[in-house]
Amino acid sequence: MNTDPTLSAVPPPASAPLPAGRPARPQTPGQVRAATFTRTPLGRRGFDEDDVTRYLDRLADEIATRDDAIGRLMHENRKLRHALREWHRDMIGYEGVDLVSMAQQQVEEQIAQTDAYSRQREEEAARLYDEIVAEAYEEAERRFGAALSGDLEEQTSRQRTLIVAVLQSLEALATQVDATRQTFNSEIDKLELLDKS
Amino acid sequence: MAGSGQTRVVDVDRLKRSWALVAAHGDKVAMRFYSRLFTAVPEVRQMFPLSMAAQRDRLVTALGFTVSHVDDLDRLAPYLQHLGRDHRKFGVLADHYGPVGDALLATLGDFLGRDWTIDLAHDWADAYALVASTMIAAADEASLTSPAVWTAEVVAHERRTFDIAVLTVQPDEPYGYVPGQSMALETAARPRMWRYYSPANAPRDDGSIDLHVRRTPGGPVSSALVDRVQKGDMVRLGAPVGWRLTLDDDGPLDLVLIAGGTGLAPMKALVEQVAAETLAGGPIRRVELFVGGRRSTELYELAALRALEDEHGWLAVTAVVAHDVRWRSSMARSRPDERRPEVGEVGEVAVRAIGCPSDRAVYVCGGDAMVTATLDLLREAGWPREHLHFEGFQGLGGDIYGHPDAPLERRGTFQP
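Taken in sequence, the protein lines are chains A and B.
Residue numbering for the first sequence follows this note's numbering, beginning at 1 and increasing consecutively.
Residue numbering for the second sequence follows this note's numbering, beginning at 1001 and increasing consecutively.
Below you can see the structure in the form of structure tokens.
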């Protein structure tokens, strides 16, 4: 702030008293613009130097005072904002927030359980599928080797039926898992409604 | 943030120390944060999936990265800009950032207790304001050129194996992406659960996009996409992301592509890009593609790959299966000329086949374990790091979201 060369050219303000008879209220922008100075005596051009210096000193003082006030207010403001946040934090309270955390945790535990269950079932189904396919190939190759294409078709259709059955049971499982998810969804919806009320 | 000409300087060390104290509380921090957020603004809850576990990890990772780079804006700014753009698909608006900041500061206060001073709170408020304004500005900028989400219709759904399906989706608005990129996808069957998939084709004139989906046991989105989604269903797509697997113009011309399972998707897109560029008079690249599955029935796209191989002299495809189960079966009958696949792990077979390091760029995509094992072999064989491009399904190598180390800039100049 004090590095501006045009300001540092002004002599230190402390020693310059306010001109007598003027009001002690800070200068308004209008007053600054309308300020008049005494003409210099002896016909020289310009204003009285002391007059101008005094006035600039006065302005510098006032600016410094305002800056101090602004700084103090900003500090106050920061403190108030901080206090407001803390107050807001206390108002919401830990109980409400902790309740939401607890609900979230419970939901996640149940989801994890369901996921683990469905993962296990899906892995079992995949294994079963592999076995069925491997068996089918083995059988098909054996029969292929025996050059009995009609039997192969019958065999293939039997295996297809098996696979479809496996897929159907998987789909049933998926529906079940989905139903569980829907239940969780409505539970969470209820929680949200609670939050809002 | 700063007032009356006095620039307030954030005490970065103090900020980092305070985060270290808070982060030591682990998952509880993110739990408290979201509980505070949902208590204060309940309507925000519906933007998240039921289970928040993965979300909490992401939040802590993102906060950790932000705090540790708060004095390194060159790295932090692109990360936050990406985060801001990425949040558009969740329906995040500028108005949401205020309550999030309040919840964050309140949470920090909860865990710091007496260490939560006015000055520290002010530092955090300043830092958060910077984060929020960067994210908001990036989101606003992106909204000028692209929608927050694309709606796409499933126009084909083909179940290739017990647990793999190939879907074709048709976005309602032009969806510009570069082969090798991925996109977040949400299906109406599993709302608010976004998963990343990689287009398996170079951009087409009709705009349709192929997706290769394998059902992960217990994976809610992948099983819905394989089992339940049907032709005519709608999905939603986020903007394309990631530059890990895109072609690098400054890299070697010739390519080695190593794919495990549905990691084939981005590789097939790269092959199609090379085909398109060659057709347009681009440089000749030689491409060697290794495609692996557990067993021969899992080589779900082999017929299409063989067709590409027949068409393009610069492409060589090697099929690899981990277990040699009855090859002479349906596949052998449908393509009698199909060679018996190599047996082993696709990474091992590929690294053995390509031999000593040469002037080729190597791309690896698959499960994290497959990618890690393959990279180890490549490094052992002496392949230089700058020639290796990789991405794992479980986030290895970094998805931009939870893993900030992923490159955020594109390296290639392919114009879709």
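Backbone N, C-alpha and C fix where the C-beta goes; we use that ideal spot for every residue, glycine too.
Buried or exposed by the 16-neighbour rule on C-beta atoms within 10 Å, applied to residue i
i	result
residue 1009 of chain B	exposed
residue 1231 of chain B	exposed
residue 1210 of chain B	buried
residue 79 of chain A	exposed
residue 101 of chain A	buried
residue 1273 of chain B	buried
residue 1117 of chain B	exposed
residue 1024 of chain B	exposed
residue 202 of chain A	Here chain A comprises residues numbered 1 to 197, so residue 202 of chain A is not present and cannot be evaluated.
Backbone secondary structure at residue i - three-state DSSP
i	result
residue 1224 of chain B	helix
residue 1009 of chain B	coil
residue 1162 of chain B	coil
residue 1253 of chain B	coil
residue 1090 of chain B	helix
residue 1157 of chain B	strand
residue 1168 of chain B	strand
residue 1345 of chain B	coil
residue 1288 of chain B	strand
residue 1019 of chain B	helix
residue 1468 of chain B	Only positions 1001 to 1416 of chain B appear in this structure, which leaves residue 1468 of chain B out of reach.
residue 119 of chain A	helix
residue 1183 of chain B	strand
residue 1280 of chain B	coil
residue 87 of chain A	helix
residue 1237 of chain B	strand
residue 1340 of chain B	coil
residue 1149 of chain B	coil
residue 1360 of chain B	strand
residue 127 of chain A	helix
residue 1352 of chain B	helix
residue 25 of chain A	coil
residue 1293 of chain B	strand
residue 39 of chain A	strand
Beta-carbon contacts of residue i that lie in its chain and below 8 Å, excluding the five residues immediately before and after
i	result
residue 59 of chain A	27 and 32
residue 1161 of chain B	1297, 1298 and 1300
residue 1101 of chain B	1125, 1128, 1129 and 1132
residue 1382 of chain B	1356 and 1357
Sequence-distant residues of its chain with Cβ nearer than 6 Å to residue i (five each side left out)
i	result
residue 1076 of chain B	1069
residue 23 of chain A	Since pLDDT at residue 23 of chain A reaches only 45, below the 50 mark, its modelled position is unreliable, and the value read off the structure follows with that caveat. There are no such residues.
residue 1360 of chain B	1252, 1254 and 1256
residue 1059 of chain B	1030
Endpoints, the alpha helix (DSSP H) within which residue i is located
i	result
residue 1104 of chain B	1097–1112
residue 1141 of chain B	1118–1145
residue 1082 of chain B	1073–1086
residue 1195 of chain B	Premise fails: residue 1195 of chain B lies in the beta strand (DSSP E), 1195–1197, not in any alpha helix (DSSP H).
residue 1034 of chain B	1027–1040
residue 33 of chain A	29–34
residue 1370 of chain B	1368–1380
residue 1204 of chain B	Per DSSP, residue 1204 of chain B belongs to no alpha helix (DSSP H) and is neither H nor E.
residue 1057 of chain B	1053–1068
Cut-off 7 Å between Cβ atoms - residues of its own chain near residue i, not counting five sequence neighbours on either side
i	result
residue 1127 of chain B	1010, 1015 and 1070
residue 1142 of chain B	1085 and 1088
residue 1146 of chain B	1239
residue 113 of chain A	none
residue 1225 of chain B	1165, 1167, 1187 and 1213
residue 35 of chain A	55
residue 147 of chain A	Confidence in residue 147 of chain A is poor, its pLDDT being 48 and thus under 50, which makes the residue's placement too unreliable to answer from.
residue 1027 of chain B	1056
residue 1276 of chain B	1202
residue 1170 of chain B	1152, 1153, 1155, 1207 and 1208
Endpoints, beta strand (DSSP E) assigned at residue i
i	result
residue 1311 of chain B	First-last for residue 1311 of chain B: 1302–1311, but that is the alpha helix (DSSP H), not the beta strand (DSSP E).
residue 1315 of chain B	1315–1321
residue 1392 of chain B	1388–1392
residue 1213 of chain B	1209–1214
heavy atom of the ligand ADP below 7 Å from residue i C-beta
i	result
residue 1087 of chain B	For the ligand ADP, the structure offers nothing, since it holds no ligand at all.
**Q.** Contact list for the region 1221–1239 of chain B against chain A, Cβ threshold 9 Å
**A.** 1223, 1224, 1227 and 1228
Q. At a Cβ cut of 9 Å, what residues of the region 1016–1049 of chain B count as close to chain A, listed as they run along the chain?
A. 1028, 1031, 1032, 1034, 1035, 1036, 1038, 1039, 1040, 1042, 1043, 1045 and 1046
Q: With 7 Å as the C-beta to C-beta threshold (strictly closer), list the residues of the region 1200–1217 of chain B near chain A in chain order.
A: 1217
Q. When Cβ atoms are compared, which residues of the region 1104–1125 of chain B fall closer than 7 Å to chain A?
A. 1105, 1106, 1109, 1118, 1121 and 1122
**Q.** Interface residues of the region 1157–1175 of chain B facing chain A [CB-CB below 7 Å]
**A.** 1162 and 1163
Q. Given a limit of 8 Å on CB to CB distance, which residues of the region 1091–1105 of chain B reach chain A?
A. Residues of the region 1091–1105 of chain B that bring their beta carbon within less than 8 Å of a beta carbon in chain A comprise 1102 and 1105, in sequence order.
Q.
So if I threshold CB-CB distances at 7 Å, which residues from the region 94–115 of chain A count as touching chain B?
A. 96, 97, 100, 101, 104, 107, 108, 111 and 115
Q) Closer than 8 Å, Cβ to any Cβ of chain A: which residues of the region 1127–1150 of chain B, in chain order? A) So the list is empty, because no residue satisfies the distance condition.
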